[in-house]
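Numbering (the working numbering), first residue to last: 385 to 660. No residue lacks a Cβ here, since even glycine has one placed at the ideal position from N, Cα and C. Each remark here refers to the structure printed beneath this line.
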């Protein structure tokens, strides 16, 4: 409470005129998304944080950029301060060094647990897995620049990476590798979307990182005003409950928490080599 008050007062002192031209906040994405999944949630949460600070910090406009370069391109643009102003993703030591982290976990801890997407007929083989060494006998599919893929690789797994998100699932169906690691909030959507390919959630295992991986907003290191504003806005949303109301409005997050709460799976822990 005291930290929030201090941040709030500090920002009030910086802002000379809340009636200035609206702040433009540039992000990657489609202004008219078809999906109602997590990516839409992150944008809505960003808008919520900005809205909470409208009175103190002024009006704002969110502008969309579509570049097709994935999270690596997002990171490069934020670091350069050109093209986009905010990105969201897993927190790693490298990203913290390159950008300013807004230290609030947007996924409320769900990013620290993973379940596997597999070919449905492979379940009997996975049901025999009892420990990390057993699981290492299976190969992993990952998107390029995914933190998850790097962690599996650094834990002794053979990992195949691709820049094609849709292609990744087709490669799994073609048995180019044995599984894709997915977040608890992602697995239900994946299994529904790719059921026709014969893919399904693995039923017996739960992966956990030994050091939690938060999922946060990042801005350019020199953009103190935007970073401070987002942190203040997010903390206000947490305090008044609007953060949770938005979060639990998404069935994927509810399903993820239920899976974790009611899980009787074998827990396998991986060393988080990306956060120190």
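- Annotation: the continuous alpha helix (DSSP H) that includes residue 455 extends over 454-464.
- Assigned with DSSP and collapsed to three states, residue 442 falls in coil, not helix or strand.
- The beta carbon of residue 540 lies closer than 8 Å to those of 520 in the same chain, with the five residues before and after it left out.
- In the three-state reduction of the DSSP assignment, residue 602 falls in the strand class.
- The three-state secondary structure of residue 634, taken from DSSP, is coil.
- Of the candidates 560, 531, 554, the residue whose Cα lies closest to the Cα of residue 544 is 560.
- Going by C-alpha positions, residue 409 is about 6 Å away from residue 445.
- Between residue 477 and residue 495, the alpha-carbon positions lie close to 16 Å from each other.
- Annotation for residue 643: 568 place their beta carbon closer than 6 Å to its own, counting only its chain and skipping 5 residues before and after.
- When DSSP reads this structure, residue 474 sits in a beta bridge with 599.
- Inter-segment contact for the stretch 474-488 and the stretch 584-604 is present: three or more beta-carbon pairs are separated by less than 8 Å.
- From the listed residues 522, 551, 547, 548, the smallest Cα separation to residue 537 is found for 522.
- In this structure, the alpha-carbon of residue 465 lies about 20 Å from that of residue 529.
- Apart from the 5 residues on each side of it in sequence, residue 553 sits with its Cβ closer than 6 Å to the Cβ of 578 in its chain, given in chain order.
- Closest by C-alpha distance to residue 404, out of 441, 609, 425, 611, is 441.
- The continuous stretches of beta strand (DSSP E) do not include residue 571, which lies in the alpha helix (DSSP H) extending over residues 571-577.
- Taken in chain order, the complete alpha helix (DSSP H) segments of 4 residues or longer contained in the stretch 470-529 are 477-482, 507-510, 516-519.
- When the Cα atoms are used, residue 524 and residue 532 turn out to be separated by approximately 10 Å.
- Within the same chain, Cβ atoms closer than 7 Å to the Cβ of residue 457 are found at 451, the five residues on either side in sequence being excluded.
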